[in-house]
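Quick note on the numbering used here: the sequence shown kicks off at 3 and runs consecutively.
Virtual Cβ for every residue (Gly too), placed ideally from N, Cα, C.
A quick note: this is a predicted structure, and the numbers were derived from the prediction, not measured.
Contents: one structure, followed by commentary.
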Amino acid sequence: MKNINPNTILQIVALLFLVIIGYMTFNSGSNWKIIKSELDRAREELKTSKETLVSTKSDLEKSKKEFEKMRLQKDLLIHKRDSLIFDFQKKNAKDWEELQRIKDSIKINNDQLAEDKALIKNALGIN
3 MKNINPNTIL QIVALLFLVI IGYMTFNSGS NWKIIKSELD RAREELKTSK
53 ETLVSTKSDL EKSKKEFEKM RLQKDLLIHK RDSLIFDFQK KNAKDWEELQ
103 RIKDSIKINN DQLAEDKALI KNALGIN
């Protein structure tokens with residue numbers, strides 16, 4: 003058998019002791035149990051957070067659609083109001099030129115009104 007250096011044997015023995023001590027430190031005791039329970043709790047909290055985030059995102063999309071519908075309804079009401087004002091002005095017009103201007107305004111307003119009605123029907127899903 004060859005001549006083995008005593009330093010090599012001592013290094014192997016020291017390395018073996020370090021492995022045994024490390025194994026006993028991490029394997030024994032409640033350190034792993036605590037770490038595992040904390041990781042499980044963190045996973046549950048993450049799962050709950052994801053579900054909350056998905057729910058909030060869904061609610062936000064619904065709210066955005068509702069705001070768009072309300073905006074369209076507001077525009078429709080404004081155009082209806084303008085139409086009523088123009089009708090009143092038409093009945094009270096004093097000369098032909100004023101009547102023509104009002105008539106042009108009514109036509110533009112009615113076009114916008116028809117467009118708004120179509121948008122609201124699309125937004126509400128009415129065919």
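Exercise. Do you know how far the Cα of E46 is from the Cα of E70?
Worked result: The C-alpha of E46 is placed about 36 Å away from the C-alpha of E70.
Exercise. Just checking, does the segment 48-59 make contact with the segment 101-110 on the three C-beta pairs under 8 Å criterion?
Worked result: no
Problem set entry | I6, DSSP secondary structure in three states | coil
Problem set entry | Cα-Cα separation between D106 and A116, rounded to whole angstroms | C-alpha separation (whole angstroms): 15 Å.
For this session: Using alpha carbons as the reference points, say which of L86, K66 and I11 lies closest to A125.
Result: K66
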